[in-house]
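Chemist: Following this message is one structure expressed as structure tokens.
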Amino acid sequence: MDLFERAKTIRLRTVTDKFLVAYDDEETVSQHRNGLSKSSTWTVEIITGGKYVRFKSCYGTYLTASDNLFPGMLGNKVVQSVPKSIDMSMTDWEPVRDGFQVRLRTRRGSFLRPNGGVPPWRNTVTHGMPQTSKTHENVLWSIDVVEEL
Numbered sequence: 001m002d003l004f005e006r007a008k009t010i011r012l013r014t015v016t017d018k019f020l021v022a023y024d025d026e027e028t029v030s031q032h033r034n035g036l037s038k039s040s041t042w043t044v045e046i047i048t049g050g051k052y053v054r055f056k057s058c059y060g061t062y063l064t065a066s067d068n069l070f071p072g073m074l075g076n077k078v079v080q081s082v083p084k085s086i087d088m089s090m091t092d093w094e095p096v097r098d099g100f101q102v103r104l105r106t107r108r109g110s111f112l113r114p115n116g117g118v119p120p121w122r123n124t125v126t127h128g129m130p131q132t133s134k135t136h137e138n139v140l141w142s143i144d145v146v147e148e149l
């Protein structure tokens with residue numbers, strides 16, 4: 001949690017140096033190499049009690065672990081959601097520190113996971129349980145602080 005205590009806005013970067021981005025359709029979340037766009041910047045909201053954080057996009061939507069399966073993947077979709085339209089616990093992420101990086105775990109125990117491979121899976125983002133040691137490493141995210149409190 002200490003990685004987020006002084007951060008107002010951040011960028012989440014994968015182990016392959018791609019950034020988590022929010023699309024202007026206010027629903028889609030993906031990975032992109034351009035970390036300089038405003039859509040790669042997320043506002044950090046620390047939940048009362050300090051165990052969980054929420055990430056708010058530049059569009060006012062929250063990074064959300066949905067219940068919708070991602071076709072052809074072992075995991076569920078990660079989307080942007082408007083706060084009043086969902087159960088807010090689905091927007092809560094528990095940072096699990098691993099050195100200078102974190103794994104972001106949902107309240108249900110799944111992890112935020114960037115995906116690779118061929119289209120349509122390339123650059124997608126899901127949440128699920130790591131199945132192998134390789135996917136356990138892939139769920140690591142670097143936190144780039146853009147603006148401090």
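For what it's worth, UniProt numbering labels the leading residue of the sequence shown as 1, then goes sequentially.
Built from N, CA and C at the ideal position, the CB exists for glycine as well.
1) If you measure between the beta carbons of residue 178 and P114, is that distance less than 8 angstroms?
2) Considering only residues of the same chain and omitting the five flanking positions on each side of R107, which have a CB-CB separation below 7 angstroms?
3) Is it the case that the segment 41 to 49 contacts the segment 25 to 33, given that we only count it when at least three CB pairs across the two stretches are under 8 angstroms?
4) CA-CA distance, S39 and S142?
5) Tell me the residue span of the beta strand (DSSP E) that contains W42.
6) Where does E94 fall in DSSP's three states?
7) If I'm right that F70 touches L63 with Cβ under 8 angstroms, what's the distance once you round it to whole angstroms?
Modeler: Taking the definition as stated:
1) With the chain represented from 1 up to 149, any question about residue 178 goes unanswered, as that position is not in the structure.
2) Result list for R107: S89, D92, in chain order.
3) Because the criterion of three Cβ pairs below 8 angstroms is not met, the segment 25 to 33 and the segment 41 to 49 do not touch.
4) Between S39 and S142, the C-alpha separation is close to 17 angstroms.
5) For W42, the enclosing beta strand (DSSP E) starts and ends at 42 to 46.
6) Here E94 sits in strand by DSSP.
7) That pair is no contact at about 15 angstroms.
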